[in-house]
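*Asks:* A single structure is presented below for examination.
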């Protein structure tokens, strides 16, 4: 029996055995396609509803010292702001999260106002709370608009053109596509989930066909056959890779259908057939890396339980580049496409944002990703040649 025949025979045997366990197959193949789109679209829908609510509902603003600035209070009341009475302990209410913002107007405000000087107001808030971002921006925009309006009136009263105070006018030309504007969401949650499913999609099968068969003492008869051990191992890896790719393809198809026909949210992502195919090719090296790494681990441990104990650590690996880029964003550089997990993160982000990937980046990415998978395959093959591998201890 030649090597390729052995690989195909072992691969088909493992897949047939796996698909006999219908419950495991259904959980493995359906959980991802159902869970991932629901999670992404659900989070997007909730975020959009919250943002819309915060932008459209009246801004509730307790004001301390409202009597010192009646014109400002009256102006705010015409801008969808509900001015509330001053609380007894403003700082305590902010700390207790009973109010998002409190406006403080000092007793020196009227004097500065009558003298034509800048009158100071203070906004009390807790910047560590994420839900204060929108209301804070609303209040700051209103106060800046009021400041510009009053400043222009003061200049007109002195016979000065208000445009004189504006030496430079700034106009934005935003070149970001709708897909690029949501790059952080896509590059964070979407990248992590896709990489995780690709990395560990064949985990159940690859652990079962090595550590599991070793425990059941069915690995020893297989290794005792004339077939090369490297071919046997390759067949098992090929079966796990095929199963992982099937699950990944279903996830990407569900992802496309959800964005095409699901609820209309502001998360804009390129889900064209070419983008979906590019994502599948992008994740192919990660499927190989995850499968060969788990094969190496399964061949090194003594039981299925010990092999499964590594899963919690492996699940953290895909999130490392996401956290690193959130803490310290950097521009795309060629060397990034050679670093595992970081490369996949950057590739998914580029594709989902509708940006092009150069031939040089593709070449480096595929060469390094598939090369790492081949290296792990060689290490696992050496472990498969150990005599004590077939012995269950």
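Residue numbers (our numbering): 1025 to 1417.
Every residue, glycine too, gets a C-beta built ideally from N, C-alpha and C.
Please go through the same chain and pick out, in chain order, the residues whose beta-carbon is closer than 8 Å to the beta-carbon of residue 1388, but skip the five residues on each side of it.
*Replies:* 1358, 1361 and 1362
*Asks:* Taking the alpha carbon of residue 1045 as the reference point, which residue from 1142, 1382, 1272 and 1229 has its own alpha carbon closest?
*Replies:* 1229
*Asks:* Quick check: the Cα distance between residue 1222 and residue 1307, rounded to an integer number of angstroms?
*Replies:* 6 Å
*Asks:* Between residue 1356 and residue 1370, is the Cβ-Cβ spacing less than 9 Å?
*Replies:* yes
*Asks:* Measure the C-alpha to C-alpha separation of residue 1182 and residue 1140 and round it to an integer number of angstroms.
*Replies:* 11 Å
*Asks:* Answer with buried or exposed for residue 1043, where buried requires no fewer than 16 other C-beta atoms within 10 angstroms of its C-beta.
*Replies:* exposed
*Asks:* Which whole-angstrom value is the C-beta distance of residue 1108 and residue 1091, which I expect to be below 8 Å?
*Replies:* About 14 Å; that fails the 8 Å criterion.
*Asks:* By how many angstroms is the C-alpha of residue 1305 removed from the C-alpha of residue 1318?
*Replies:* Residue 1318 and residue 1305 have their C-alpha atoms roughly 21 Å apart.
*Asks:* Would the beta-carbon of residue 1062 fall within 9 Å of that of residue 1282?
*Replies:* yes
*Asks:* Are the stretch 1145-1153 and the stretch 1116-1136 touching, with three or more C-beta to C-beta distances below 8 Å?
*Replies:* yes
*Asks:* Please confirm if the stretch 1370-1380 is in contact with the stretch 1246-1266, defined as three or more CB-CB distances below 8 Å between the two stretches.
*Replies:* Judged by Cβ distances under 8 Å, the stretch 1370-1380 makes no contact with the stretch 1246-1266, as fewer than three pairs qualify.
*Asks:* Whole angstroms are fine: how far does the CA of residue 1338 sit from the CA of residue 1328?
*Replies:* Those two C-alpha atoms are separated by around 15 Å.
*Asks:* With burial defined as no fewer than 16 other Cβ atoms inside 10 Å of the residue's Cβ, what is the status of residue 1102: buried or exposed?
*Replies:* exposed
*Asks:* Residues in the same chain with beta-carbon distance under 6 Å from residue 1236, minus the five sequence neighbours each way, listed in chain order, please.
*Replies:* 1328
*Asks:* According to DSSP, is residue 1364 helix, strand or coil?
*Replies:* coil
*Asks:* If you drop the 5 nearest sequence neighbours on each side, which residues of the same chain put their C-beta closer than 8 Å to that of residue 1089?
*Replies:* 1110, 1128, 1129, 1130, 1131 and 1133
*Asks:* Output needed for residue 1099: all residues of its chain with C-beta closer than 7 Å, excluding positions within five of it in sequence on either side, in chain order.
*Replies:* 1170
*Asks:* Would you mind reading off the limits of the alpha helix (DSSP H) that contains residue 1119?
*Replies:* 1114-1119
*Asks:* Less than 8 Å between the CB atoms is what I'm expecting for residue 1268 and residue 1315, so what's the real figure, rounded?
*Replies:* Going by Cβ atoms, the distance from residue 1268 to residue 1315 rounds to 6 Å, so yes, they are a contact pair.
*Asks:* Reducing DSSP to helix, strand and coil, say where residue 1270 ends up.
*Replies:* Reduced to three states, the DSSP call for residue 1270 is helix.
*Asks:* I need the DSSP call for residue 1150, collapsed to helix, strand or coil.
*Replies:* coil
*Asks:* Anyone know if the C-beta pair for residue 1276 and residue 1313 falls short of 9 Å?
*Replies:* no
*Asks:* Just the C-alpha distance for residue 1187 and residue 1176, rounded to the nearest angstrom, thanks.
*Replies:* 8 Å
*Asks:* Along the chain, where does the beta strand (DSSP E) that runs through residue 1086 open and close?
*Replies:* 1083-1088
*Asks:* Taking C-alpha atoms, which residue in 1247, 1383 and 1163 lies nearest to residue 1410?
*Replies:* 1247
*Asks:* Over what stretch of residues does the beta strand (DSSP E) that includes residue 1308 continue unbroken?
*Replies:* Not the beta strand (DSSP E): residue 1308 falls in the alpha helix (DSSP H), residues 1297-1324.
*Asks:* Between residue 1057 and the rest of its own chain, which residues show a CB-CB distance below 6 Å, the 5 nearest in sequence each way excluded?
*Replies:* 1274, 1275 and 1278
*Asks:* Does the distance from the C-beta atom of residue 1320 to that of residue 1400 stay below 9 Å?
*Replies:* Against a cut-off of 9 Å, the Cβ pair of residue 1400 and residue 1320 comes out as a contact.
*Asks:* Using the C-alpha atoms, what's the distance from residue 1260 back to residue 1233?
*Replies:* 7 Å
*Asks:* If you count every other CB in all the chains shown that lies within 10 Å of the CB of residue 1054, and 16 or more means buried, which is it?
*Replies:* exposed
*Asks:* According to DSSP, is residue 1034 helix, strand or coil?
*Replies:* Of the three classes helix, strand and coil, the one that applies to residue 1034 here is helix, per DSSP.
*Asks:* Between the Cα of residue 1265 and those of 1243, 1028, 1311 and 1244, spot the shortest distance and give me the residue it belongs to.
*Replies:* 1311
*Asks:* To which residues of the same chain is residue 1342 closer than 7 Å at the C-beta, ignoring the five residues directly before and after it?
*Replies:* Within the same chain, 1216, 1219, 1220, 1223 and 1365 come within 7 Å of residue 1342 by CB-CB distance, once the 5 residues on both sides are set aside.
*Asks:* Say whether chain D places a C-beta atom closer than 9 Å to the C-beta of residue 1052.
*Replies:* In summary, chain D is missing from the structure at hand, where a single protein chain is found.
*Asks:* Find the nearest neighbour of residue 1036 within the set 1336, 1280 and 1263, judged by alpha-carbon distance.
*Replies:* 1263
*Asks:* Which two residues bound the contiguous beta strand (DSSP E) that contains residue 1108?
*Replies:* 1105-1108
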